[in-house]
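Which chain is which? The protein sequence lines are B and Z, in order. Last residue of the first sequence: 424 (the numbering used here), numbering continuous. Last residue of the second sequence: 424 (the numbering used here), numbering continuous. Using N, Cα and C, we set each Cβ at its ideal position, and we do this for glycine too. No experiment lies behind these values; they were computed from the predicted model shown. One structure is given here, and the rest of the page talks about it.
Number of protein chains: 2
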Amino acid sequence: MAVTIKDVAKKAGVSPSTVSRVLSNHPRISKETSIKVKNIMNELGYHSNMMARSLVSNKTYTLGMILPRPAEELFQNHFFAENIRGITTQAARNGYDVLMTAGANDSDEMEAITRLVLGRRVDGIILLQSRKHDPIITFLREHDFPFVLIGRYEEDPNVLCVDNDNIQAAFDATSHLISQGHTRIGFVSGPPSLSVSQDRLEGYRQALAEHQLQMKSEWIVEGEFLQESGYRAMSFFMSLPERPTALVIIDDVVSFGVMRGLTELGYSVPEDLSIIGFNNISLTELSTPPLSSIDIGIYQLGYMASQMLIKRIQGETQPQPRTIVPHRLMIRESSLHYKAKRSGV
Amino acid sequence: MAVTIKDVAKKAGVSPSTVSRVLSNHPRISKETSIKVKNIMNELGYHSNMMARSLVSNKTYTLGMILPRPAEELFQNHFFAENIRGITTQAARNGYDVLMTAGANDSDEMEAITRLVLGRRVDGIILLQSRKHDPIITFLREHDFPFVLIGRYEEDPNVLCVDNDNIQAAFDATSHLISQGHTRIGFVSGPPSLSVSQDRLEGYRQALAEHQLQMKSEWIVEGEFLQESGYRAMSFFMSLPERPTALVIIDDVVSFGVMRGLTELGYSVPEDLSIIGFNNISLTELSTPPLSSIDIGIYQLGYMASQMLIKRIQGETQPQPRTIVPHRLMIRESSLHYKAKRSGV
DNA sequence: ACGGGTTGTGCAAACGGTTTACCAACTGAA
DNA sequence: TTCAGTTGGTAAACCGTTTGCACAACCCGT
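If you want it as structure tokens, here you go:
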């Protein structure tokens, strides 16, 4: 049905091997033959069959990933979309495609990975998340299969991964609030088991320490990456005899919960409470007031992961296993003008 | 390196063909042999090579799609993420994976499609968008290659597609406002060239007509799917001598522009102006007040598209080429209690 | 005991490429 | 003239599966 290398060969009066060599720019093919064959290829509309090519070359030019299961977190959709855009764009630039597969549960997922790896469907894998002692990572390491993790894997420092410097990011966010004149700053954290929570808390600590500011344990609360957590944290803070005047908040969605609660209680942002969140989701610009946030470069995370993986596949060794994607402060209304009001302007 | 069908055959003392038949549950393989071979497969950790299998069977069990290029519209990320989740989940249920590829420009994209189709990398394609007289669609039809479009294609009624009933959706949104006691209802539209804009406007018209309500052309404004468009529309409406008391707005992001503008001018939603948007993006719940919206079932759109495509690939004929995904009214604060305030409650 | 239908399995030819080994013809230097 | 070294190309093996055809062994009714 489809036109094969043999059809081209026959029409050009050469052998299939010659056509193959033309395709791969083999040095020992004459200019003349090459041009002749290429013309015939165009004429016949030849396009090489990737399956056949993969079979013999053992390369698929495909990166695999598994679709993260729908998480409760609102942030997920944004992260997922931006991330995949970064991954796919970079892959495309290097001639790779991205294969996505889904699993309804853990064993499904494991089976999917097995299928991709052992079935030789992909050349490498990008993981969008990991658990402690992740069996998927164990599997991939055992088979010495190329993969890159977005995030970080405590158990094994040799795992290739790309991540943010969350300590520094929180440090910067906190410092920004300090620079706005705040001295009483609280922190709304996520689940304490997550390394993001730990790292951001640490950055917050360091910034306060550097400026010799008071750090009260009651100004640190933990929650989920949900709006409700923000709402609850806000209620708590506002009930304190000595309130913070600004908050560093683990995630934008949580920040929205805080903002909403404040509005309901008749307080205003940033005058009564200045806030800054993390992740810079698109809604930050739309809220009233617009929310200051740390942009963690989600697209870039995907982009770099893709790049690292392709290098790894092609045998380049990485100088170090971890790549850090820089973050950016996106300062908006929610964390500005505090001083202005205080000083009566 | 990897364990092949031959290794299994050798160890089991049978021929490769027998192993292959065990794999495909061929009826004429004895229970005995089947079990023996299966044991050996487990023992050796055998997994069949998809490339080889595809080569001979001419099936890849893969659906292809091209990554939409970053659009200006905020809504895109949410749509993309939900959509792909639907597509991939349904695909996985049927044993298919999804291959994503990206193109930086039109010709890139065309080349990518060619690669997937002619290179026999996928069994079918899902298109997330289309242009008028889309060359990609022309190409696919010419090659009689299975594909499904999310959206609709005016030029060819035979194209398989899945879409919403936007006329009905806008009808329902408008009717809802009417049921809340509004009689002066405006419409904020998108680019008039898009069929979404046309259809939603039509639904709005029909609802007003059914209730014999006044339809003033100055109560209909066009814009982009951007916040600014909403802001501008709002300014315009509020400057009119005879203002609408409620708005049907083509998109949630636009609605946020309206809400923000109203807040800035000291008006309040829904008391001064009730609004309802489309698409039900996640922020709708987070805004103050929460925004009423029409949920167009984005996940479902992807899910159905995937299903249609797989059926088409497997040779099932569809009763009709278009599938309509039902929409749902998500009523929130922004379009409620209008009457209540009017009557002084 | 014999032919005809099942059953269970092996052989070998695809599928569409790549790649190794090999060869013929042409250089050019000794 | 001869021999070694290029240059341009062919033939055949191979990648891992599937599958049509052949065939032996059995089962059953006559």
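- Positions of the beta strand (DSSP E) runs, each at least 3 residues long and wholly inside the region 324-370 of chain B, are given as 325-328 and 353-357 in order along the chain.
- The C-alpha of Phe226/B lies about 8 angstroms from the C-alpha of Arg391/B.
- Contiguous beta strand (DSSP E) elements confined to the region 263-307 of chain Z occur at 264-268 and 299-301, taking only those with 3 or more residues.
- Every beta strand (DSSP E) stretch that sits fully inside the region 144-218 of chain B and reaches 3 residues is listed by chain position as 176-180 and 203-206.
- For Ile114/B, the uninterrupted alpha helix (DSSP H) run begins and ends at Lys110 to Leu123, by DSSP.
- Distance check between Gln293/Z and each of Arg220/Z, Tyr283/Z and Leu380/Z places Tyr283/Z closest, using alpha-carbon atoms only.
- Non-local beta-carbon contacts of Val82/B in its own chain, meaning distances under 7 angstroms to residues more than five positions away in sequence, involve Leu123, Gly124 and Tyr125 in chain order.
- Under a 10 Å Cβ-count criterion, Pro320/Z is classified as exposed, with fewer than 16 other Cβ atoms of the shown protein chains found around its own Cβ.
- Put simply, the backbone Cα of Thr97/Z is about 8 angstroms away from that of Ile108/Z.
- One thing to note: Phe304/B has its Cβ no nearer than 8 angstroms to the Cβ of Gly265/B.
- Of the candidates Glu234/B, Ile163/B, His157/B and Met317/B, Ile163/B places its Cα closest to the Cα of Met383/B.
- Proximity to Ile410/B across Gln259/B, Arg148/B and Ile403/B peaks at Gln259/B, based on C-alpha coordinates.
- At a cut-off of 8 angstroms between C-beta atoms, Arg199/Z counts as an interface residue with respect to chain B.
- Within the same chain, Cβ atoms closer than 7 angstroms to the Cβ of Val348/Z are found at Met338, Leu341, Ile354, Pro368 and Ser413, the five residues on either side in sequence being excluded.
- For the region 220-245 of chain Z, the set of positions with a beta-carbon nearer than 9 angstroms to some beta-carbon of chain B is empty.
- Nearest C-alpha to Arg100/Z among Leu142/Z, Val332/Z and Ile84/Z: Ile84/Z.
- DSSP places Asn245/Z in the uninterrupted alpha helix (DSSP H) bounded by Asn245 to Ser258.
- Contact annotation: Ser308/B and Val327/B have beta-carbon atoms that are not nearer than 8 angstroms.
- For Met130/Z, at least one C-beta of chain B is nearer than 8 angstroms to its own C-beta.
- Each residue's CA atom was taken as its position, placing Cys240/B and Val116/B some 44 angstroms apart.
- Ile204/Z counts as buried, since at least 16 other C-beta atoms from the protein chains shown sit within 10 angstroms of its C-beta.
- Contact check for Leu352/B against Ala325/B passes: the beta carbons are separated by less than 8 angstroms.
- Within chain Z, the residues whose beta carbon sits less than 9 angstroms from that of Phe335/B are Leu362, Leu365 and Ser366, listed in sequence order.
- Residues of chain B with a Cβ closer than 9 angstroms to the Cβ of Leu178/Z are, in chain order, Thr141, Asp176, Val177, Leu178 and Met179.
- For Asp374/B, the three-state secondary structure derived from DSSP is strand.
- Going by beta carbons, Ile166/B and Ile192/B fall outside the 8 angstroms limit.
- DSSP places Ile403/B in the strand class (E or B) of the three-state scheme.
- Scanning its chain for C-beta atoms nearer than 8 angstroms, with the 5 sequence neighbours on each side dropped, one finds around Thr141/Z the residues Tyr175, Asp176, Val177, Leu178, Arg200, Val201 and Asp202, in chain order.
- Here the C-alpha atom of Phe335/B lies approximately 16 angstroms from the C-alpha atom of Met317/B.
- Cβ-Cβ distances below 7 angstroms link His212/Z to Glu234 in the same chain, with the five nearest sequence neighbours on each side left out; the list follows chain order.
- Buried is the label assigned to Arg279/Z, since at least 16 other Cβ atoms lie within 10 Å of its Cβ.
- The beta carbon of Leu292/Z sits no closer than 8 angstroms to any beta carbon of chain B.
- For Arg411/B, not one C-beta of chain Z is nearer than 8 angstroms to its own C-beta.
- If you check each beta-carbon in the region 104-132 of chain B against every beta-carbon of chain Z, the ones closer than 8 angstroms belong to Gly124, His126, Ser127, Asn128, Met129, Met130 and Ala131.
- Rounded to whole angstroms, the gap between the alpha carbons of His157/B and Ile119/B is 47 angstroms.
- Per DSSP, Val101/B is not a residue of any beta strand (DSSP E); the alpha helix (DSSP H) it occupies stretches across Pro95 to Leu102.
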